[in-house]
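**Student:** Here the sequence shown is numbered in the numbering used here, starting from 8 and rising by one per residue. Quick reminder that beta carbons are idealized off the backbone N, C-alpha and C, glycines included. Quick one: structure below, then a few questions.
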Amino acid sequence: MKKNLLILLLGVFSIAGLSSFQSVSKKNLHKTEPVLISLGVDGYFGELYFDDATDQFLSGSVMKEIPNSGGAFRVYTINSVGGNLVRSLLSNQISHFEGNIYGTSAGGTLSVTLTLNSGNNAALIAQ
């Protein structure tokens, strides 16, 4: 139940964030808007932001439920990534991220390294 609620909340926040983007038909298309990568792996859920023009990592965070905490989550800030964005050969549109992400909890006391592939993350494209 908690996992379903978490996925629902993550989806709502992602949609709310994407709704702030203007539609393509209302503006000139600029390759400067961030690409949002949504991920779920090994009990961690989160998002990464990359610059669409340069594929440079901008920011990100993941969270995981703390065992026996009654539903509390620990949030990790992603500090760096090692890998590449994968683009479609036909449309050059980003599909997902392949590689490792590295993060730390508040205060730097805990760290996390996650391996991402096409099965556990995807780009959310604002239209």
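According to DSSP, is Gly114 part of a helix, a strand, or is it coil?
**Tutor:** Correct three-state label for Gly114: helix.
**Student:** For the region 88-103 against the region 68-79, do three or more pairs of beta-carbon atoms, one drawn from each stretch, fall closer than 8 Å, so that the two count as touching?
**Tutor:** Contact fails: fewer than three Cβ-Cβ distances are below 8 Å.
**Student:** If you check the beta carbons only, do Thr84 and Gly114 fall under 7 Å apart?
**Tutor:** Going by C-beta atoms, Thr84 is not nearer than 7 Å to Gly114.
**Student:** Could you tell me whether the Cβ atoms of Ser66 and Tyr56 are closer together than 7 Å?
**Tutor:** Closer than 7 Å, so yes.
**Student:** If the criterion is Cβ atoms closer than 7 Å, does the pair Ser118 and Arg81 meet it?
**Tutor:** In this structure, Arg81 does not lie closer than 7 Å to Ser118 by Cβ.
**Student:** To which residues of the same chain is Val48 closer than 8 Å at the C-beta, ignoring the five residues directly before and after it?
**Tutor:** Excluding positions up to five away in sequence, the list reads Leu121, Thr122, Leu123, Asn127 and Asn128.
**Student:** Quick check: the Cα distance between Ser76 and Leu97, rounded to an integer number of angstroms?
**Tutor:** The alpha-carbon atoms of Ser76 and Leu97 are separated by roughly 47 Å.
**Student:** Write down the C-beta distance between Val42 and Phe64 rounded to the nearest angstrom, noting that I regard them as a contact closer than 8 Å.
**Tutor:** Contact flag wrong, Cβ pair sits at about 10 Å.
**Student:** Suppose contacts are defined by Cβ-Cβ distances below 7 Å. Is Glu40 in contact with Asp59 by that definition?
**Tutor:** Yes; because the gap between Cβ atoms is below 7 Å, this pair is in contact.
**Student:** Taking only beta-carbon atoms, is Glu72 less than 7 Å away from chain D?
**Tutor:** The chain labelled as chain D is not found in the depicted structure, where only one protein chain is given.
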